[in-house]
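Numbering (the numbering used here) for the sequence shown: 15 to 305. Backbone N, C-alpha and C define an ideal beta-carbon position, used for all residues, glycine too. Predicted model, so just to flag it, every value in this text is computed and none were measured.
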Amino acid sequence: MRTSKVVLAAALCAAVSAIAIGTGARVTASASEPATTPPTLAQCLQLVKTEVHTKNKVTVATDNPVYPPWFVNNSPSNGKGYESAVAYHVALSLGYKHAAVAWVTQPYATSTLAGPKPFDFDINEITYAKHLTTSVAFSTSYFNLNQSIVALKSNKIVSHHSATALKTYLYGAQTASAGLAFIQTKIKPIRPPIAYKTLDGAIAALQAKHIDAIVVDTPDGQYIATRQLIGGTQPAQFRTTGSYYALVLQKANPLVACVDTALRSLSKSGEIARLSRQYLSVYNAIPFIAP
15 MRTSKVVLAA ALCAAVSAIA IGTGARVTAS ASEPATTPPT LAQCLQLVKT
65 EVHTKNKVTV ATDNPVYPPW FVNNSPSNGK GYESAVAYHV ALSLGYKHAA
115 VAWVTQPYAT STLAGPKPFD FDINEITYAK HLTTSVAFST SYFNLNQSIV
165 ALKSNKIVSH HSATALKTYL YGAQTASAGL AFIQTKIKPI RPPIAYKTLD
215 GAIAALQAKH IDAIVVDTPD GQYIATRQLI GGTQPAQFRT TGSYYALVLQ
265 KANPLVACVD TALRSLSKSG EIARLSRQYL SVYNAIPFIA P
């Protein structure tokens, strides 16, 4: 559920260390990916037959309920929405057609806990985090996260955000988050940003006009601007590195390498970019600026 993910995803961002290249762009390699030659799709077509959770099926997990633009009509199995479409394309790349994909419910809050999994992979806006690799396995990226500005419509930053102007504002972000790191290392404002223990604390400070803006990843920023703030807006995003959504698999699952191969193939063919254009216009339409 998006309201809980805004807080949980922000807590994970601090541990992210893999490379990403922008919303809707080609996906990049997972930091957990072994330094061995990856299997080909042809090799994977044979491997998955003995490794899937249920014979002759690919079992995919996600939360309930699920929301646009990731899913449509709270129905993961309809193939509509970015994450639903990505899941079906990954399955098809591994030799499983639409009818051979089974969906199960896995709450977001428990998706990265250690232990046996009742699914082959979970797709649920889960941010790769290095410290969680002791509990689960992560795929390569299927959606690269940019950082973005969230502010009140009345604030000057909405229309004045040149690289020079950006340095003049007072920012807030959650402690140890990717947003805070971006402010400190890329924007480098004249006044040091205020670090809040929780993202909710930063949002409350913004609503009270104690700060000019917060910096947070683009999907969470869109939710905050439209659902959590009165008079909020998301005027711009940055092409940033370090954070991405990944598929989650059981620790040491041999399918990880094949899921990565499938995602790389979909990226190389342009399918990931096409799905991004089809479903993620709400994020792609946000202007890019340079810090």
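Q. Across which residues does DSSP place residue 72 in a beta bridge pair?
A. Residue pairing of residue 72 in beta bridges, as defined by DSSP: 115.
Q.
Measuring alpha carbon to alpha carbon, tell me which residue in 189, 268, 300 and 285 is nearest residue 67.
A. Taking the Cα of residue 67 as reference, the smallest distance to any Cα among 189, 268, 300 and 285 is reached at 268.
Q | Stretch pair the stretch 101-111 + the stretch 221-240: three plus CB contacts closer than 8 Å | A | Output reads no: the stretch 221-240 does not touch the stretch 101-111.
Q.
Under 8 Å: do the stretch 50-66 and the stretch 270-290 share three or more Cβ pairs, one atom per stretch?
A. By the Cβ test, the stretch 50-66 is in contact with the stretch 270-290, since at least three Cβ pairs between them sit closer than 8 Å.
Q) Shortest alpha-carbon distance to residue 293 belongs to which of 98, 71 and 227? A) Closest by C-alpha distance to residue 293, out of 98, 71 and 227, is 98.
Q | Cut-off 7 Å between Cβ atoms - residues of its own chain near residue 300, not counting five sequence neighbours on either side | A | Sequence-distant partners of residue 300 (beyond 5 residues in either direction) whose C-beta falls short of 7 Å from its own C-beta, in its chain, are 162, 232, 248, 250 and 251.
Q: Check each candidate in 82, 280 and 75 and name the one with the smallest Cα separation from residue 262.
A: Closest by C-alpha distance to residue 262, out of 82, 280 and 75, is 75.
Q. If you drop the 5 nearest sequence neighbours on each side, which residues of the same chain put their C-beta closer than 8 Å to that of residue 296?
A. For residue 296, where only same-chain residues beyond five positions count, the Cβ hits under 8 Å are 83 and 236.
Q. Just how far apart, CA to CA, sit residue 160 and residue 115?
A. Taking the straight line from one Cα to the other gives about 30 Å.
(Q) Which residue marks the beginning of the alpha helix (DSSP H) containing residue 196, and which one marks its end? (A) For residue 196, the enclosing alpha helix (DSSP H) begins and ends at 192-196.
Q. Does the Cβ of residue 305 have 16 or more other Cβ atoms within 10 Å, making it buried, or fewer, making it exposed?
A. The residue in question, residue 305, is buried, as its Cβ has 16 or more Cβ neighbours within 10 Å.
Q) Would you call the stretch 194-201 and the stretch 135-153 touching, i.e. three or more CB-CB distances under 8 Å? A) Under the three-pair Cβ rule at 8 Å, the stretch 194-201 does not count as touching the stretch 135-153.
Q: Determine the DSSP secondary structure at residue 285, reduced to helix, strand or coil.
A: Correct three-state label for residue 285: helix.
Q: Take residue 181 as the anchor and find which of 189, 192 and 205 has the nearest alpha-carbon.
A: Looking at the Cα atoms, 205 is the closest of the given residues.
Q) Apart from the five residues just before and just after residue 265, which ones in its own chain have a Cβ nearer than 6 Å to its Cβ? A) Here the set comprises 150 and 151.
(Q) residue 258 and residue 155 - do their beta-carbons sit closer together than 8 Å? (A) Between residue 155 and residue 258, the CB-CB gap stays under 8 Å.
Q. Considering only the beta carbon of each residue, do residue 216 and residue 140 sit closer than 8 Å?
A. When the beta-carbon positions are compared, residue 216 and residue 140 stay at least 8 Å from each other.
**Q.** Through-space distance from residue 131 to residue 303, alpha-carbon basis
**A.** The alpha-carbon atoms of residue 303 and residue 131 are separated by roughly 41 Å.
Q. For residue 36, which of helix, strand or coil comes out of DSSP?
A. Any reading at residue 36 needs caution, since the residue's pLDDT is 38, under 50, leaving its predicted position unreliable; the model's value is listed next. Coil.
Q.
Using the three-state DSSP reduction, which class does residue 249 fall into: helix, strand or coil?
A. Here residue 249 sits in strand by DSSP.
Q.
Relative to the C-alpha of residue 189, which candidate in 212, 281 and 60 has its C-alpha closest?
A. Looking at the Cα atoms, 212 is the closest of the given residues.
Q. Roughly how many whole angstroms lie between the Cα atoms of residue 253 and residue 168?
A. Whole-angstrom Cα-Cα distance: 25 Å.
Q.
Taking only three categories from DSSP, how would you classify residue 171?
A. Shown here, residue 171 sits in a helix according to DSSP, grouped into three states.
Q) According to DSSP, is residue 230 helix, strand or coil? A) Correct three-state label for residue 230: strand.
Q.
Counting C-beta neighbours from all protein chains within 10 Å, is the total for residue 244 16 or more, i.e. buried, or is it exposed?
A. Residue 244 is classed as exposed because its beta carbon has fewer than 16 other beta carbons within 10 Å across all chains shown.
**Q.** Spatially closest choice to residue 126 from 72, 101 and 153, by CA coordinates
**A.** It is 153.
Q. Which residues mark the beginning and the end of the beta strand (DSSP E) in which residue 261 is found?
A. Counting along the chain, residue 261 sits inside the beta strand (DSSP E) bounded by residues 258-264.
Q: Using the Cα positions of residue 239 and residue 91, report the straight-line distance between them to the nearest angstrom.
A: Taking the straight line joining both Cα atoms gives about 29 Å.
Q) Measuring CB to CB, does residue 194 end up less than 8 Å from residue 209? A) Cβ distance < 8 Å, so residue 194 and residue 209 count as in contact.
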